[in-house]
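Participant: Here you go, one structure.
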Amino acid sequence: MADFQPDLVADALRTLGAGRDRMREANRRWQAMARAGRAPGALARYRSVLGAPESTAVLRVGDLRAEAHRWPVPLWPGLRFEVLTAPGGAVWNEELVRAPGHPAPVPRTLDDVTPWSCTVAELARAFPPARPMEGSAPTRSRLAFAAPTASGELRDVIAEFTWGLVQRVIP
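Quick note, our numbering runs 240 ahead of the 1-based positions in the sequence shown.
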């Protein structure tokens with residue numbers, strides 16, 4: 241997220257009482273664990289870092305049965321970090337989602353789509369038909385859609401996301 245929103249990340253680090261050095265060290269340790277030859281499986285990695293999930297639920301996506309494992313996120317109480325696993329435990333998606341019981345934002349114009357304001361699913365629901373696109377890294381995704389400006393002019397745009405949270409909108 242620091243690549244897109246360095247000022248917001250700096251504010252978040254202050255809120256969490258952490259410095260950039262601690263953030264870099266946590267990322268270094270995560271990358272080392274993820275790439276280690278004897279690393280635990282993907283879901284076990286998340287459990288080793290985040291602890292037991294707050295909740296686990298069975299989901300159906302078409303014919304696929306999946307499990308959604310969700311952890312609270314101290315910086316964003318209204319969000320959960322969700323890891324979806326297929327039967328057998330393979331992780332096939334990891335992103336921030338709205339926490340149960342927390343109202344989702346309903347953007348009406350492009351001006352409502354600000355950094356860290358909504359998730360991929362929320363933006364896709366707000367401006368159908370949205371088209372998912374590949375992101376520039378495994379933790380990133382993009383969404384193409386059309387939305388009105390505050391003056392009512394319809395614009396085609398692409399929203400960029402990190403871990404499922406909107407970072408920016410580009411023409």
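C-beta atoms are modelled at their ideal positions from N, C-alpha and C, and glycine is treated no differently.
(1) What distance in whole Å lies between the Cβ atoms of C358 and P345, which are believed to be in contact at a cut-off of 8 Å?
(2) Below 8 Å between beta carbons: does that hold for R382 and E400?
(3) Let me make sure I understand the geometry here. Which of L363, R305, V313 and M373 has the alpha-carbon closest to that of P327?
(4) Please state if the CB of L283 and the CB of V323 are separated by a distance shorter than 8 Å.
(5) V313 and R336 - do their beta-carbons sit closer together than 8 Å?
(6) Within 10 angstroms of the Cβ of V360, are there 16 or more other Cβ atoms? Answer buried if so, exposed if not.
(7) Going by DSSP, what residue range makes up the beta strand (DSSP E) through E294?
(8) Mind reading off the beta-carbon distance from P411 to V397? Whole number of angstroms is fine, and I expect it under 8 Å.
Facilitator: Reading it off the structure:
(1) Right, the Cβ-Cβ distance comes to about 5 Å (below 8 Å), so this counts as a contact.
(2) Yes, Cβ-Cβ distance for R382 and E400 is below 8 Å.
(3) R305
(4) yes
(5) A small fix is needed here, since residue 336 is Leu in this sequence, not Arg. Yes.
(6) buried
(7) No beta strand (DSSP E) contains E294, which DSSP labels as neither H nor E.
(8) At roughly 6 Å, the Cβ-Cβ gap stays under 8 Å, so P411 and V397 are in contact.
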